[in-house]
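Scroll down for the structure; my scribbles are underneath it.
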Amino acid sequence: ETGVTQSPTHLIKTRGQQVTLRCSSQSGHNTVSWYQQALGQGPQFIFQYYREEENGRGNFPPRFSGLQFPNYSSELNVNALELDDSALYLCASSWDANTEAFFGQGTRLTVV
Amino acid sequence: TQLLEQSPQFLSIQEGENLTVYCNSSSVFSSLQWYRQEPGEGPVLLVTVVTGGEVKKLKRLTFQFGDARKDSSLHITAAQPGDTGLYLCAGFFSGSARQLTFGSGTQLTVLP
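Protein sequence lines correspond, in order, to chains V and P.
Numbering of the first sequence is given in the numbering used here, commencing with residue 18 and proceeding in unit increments.
Numbering of the second sequence is given in the numbering used here, commencing with residue 1151 and proceeding in unit increments.
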């Protein structure tokens, strides 16, 4: 077990709604990265937060946004949900921006 | 866009057989990681390789990093049903230190 916890584990939302996913990082880690994993694909980098600041972003639209809190936990917010947003959302924490990443179990989001 | 290609995409073998999974890119990695993922779970880190030509062993798994740091391989000796899972390579490319780029994965099934 990595010590990275995500909530909720499963979620069903309707197209157009907004969703917030949460991640508690491993003790001692100050960096959190979020990934989207579609079925049968490898994870795709959404963005990274380092010490409460966005520290890099992948090719995702602005309706994907995030936050990191002083305790280094993090949220991923997605507005105006689309059917293609259905995926496993993974959070990974690390002690620095480009060191080994340890993943949570993910949140399975289904948009109907 | 920096891409990581994994092959094969699917592999189904009998218990006791050996196998090799490949991960290739046209760009240089600053470091590369191998993960194993079970259905509905997050990826679990197996190993990190950093130095060109590096070889690491983890029980029956042998990981090799190419001399030019553009490719890597995972070799499993005497595969067991418990090795079944999605094997993912992921790398930090030189110049993109914050973004961990994943391959699309190799789905391994080991039949008893």
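C-beta: ideal position from N, C-alpha, C; glycine also.
| Item | Value |
| --- | --- |
| Contact defined as beta carbons within less than 8 Å: I believe Leu1153 of chain P pairs with Gly1241 of chain P. What is the distance between those atoms, to the nearest angstrom? | Actually they do not touch by this definition, with Cβ atoms about 11 Å apart. |
| Cβ closer than 7 Å: which chain V residues qualify as neighbours of Ser1254 of chain P? | Gln58, Gly59 |
| Quick check: what's the CA-CA separation for Glu1165 of chain P versus Thr22 of chain V? | 34 Å |
| Alpha carbon to alpha carbon, what distance is there between Gly1235 of chain P and Ile1163 of chain P? | 12 Å |
| Determine whether the beta carbon atoms of Tyr1185 of chain P and Leu1238 of chain P lie at a separation below 8 Å. | yes |
| Can you find at least 3 beta carbon pairs, one from the stretch 22 to 34 of chain V and one from the stretch 47 to 57 of chain V, that sit closer than 8 Å? | no |
| Is it buried or exposed, Pro78 of chain V, if we count other Cβ atoms within 10 angstroms and call 16 or more buried? | exposed |
| Specify, as a first and last residue, the run of the beta strand (DSSP E) that Val1178 of chain P falls within. | It is not in any beta strand (DSSP E) - Val1178 of chain P carries neither H nor E in the DSSP assignment. |
| Hey, out of V:Gln43, V:Gly123, V:Thr116, whose CA is closest to Leu105 of chain V's CA? | V:Gly123 |
| For the beta strand (DSSP E) that contains Ser82 of chain V, what are its first and last residues? | 81 to 85 |
| Provide the residue(s) that pair with Gln58 of chain V in DSSP beta bridges, ordered along the chain. | None, per the DSSP bridge assignment. |
| Under a CB-based cut-off of 8 Å, is Leu1208 of chain P close to chain V? | no |
| How would you write the range of the beta strand (DSSP E) that Ser1244 of chain P sits in, first residue to last? | No beta strand (DSSP E) contains Ser1244 of chain P, which DSSP labels as neither H nor E. |
| Can you tell me whether DSSP reads Leu28 of chain V as helix, strand or coil? | strand |
| Going along chain V in order, which residues have a C-beta closer than 9 Å to the C-beta of Thr1198 of chain P? | Thr116, Glu117 |
| Whole-angstrom Cβ separation of Asn1174 of chain P and Asp1233 of chain P, contact assumed at under 8 Å? | Between Asp1233 of chain P and Asn1174 of chain P the Cβ distance is about 22 Å, and since that is not below 8 Å, they are no contact. |
| So for Gly1235 of chain P, helix, strand or coil by DSSP? | strand |
| So with Cβ pairs under 8 Å, would you call Arg125 of chain V a contact of chain P? | yes |
| Does Gln35 of chain V get closer than 8 Å to chain P when you measure Cβ to Cβ? | no |
| Output, in chain order, the set of chain V residues within a Cβ distance shorter than 8 Å of Gln1249 of chain P. | Phe62, Gln65, Gly73, Gly75 |
| In whole angstroms, give me the CA-to-CA distance for Gln35 of chain V and Arg80 of chain V. | 9 Å |
| Is there a Cβ of chain P sitting closer than 8 Å to that of Phe81 of chain V, yes or no? | no |
| Evaluate Ala1218 of chain P with the Cβ neighbour count: other Cβ atoms within 10 Å of its Cβ, from every protein chain shown; 16 or more gives buried, anything less gives exposed. | exposed |
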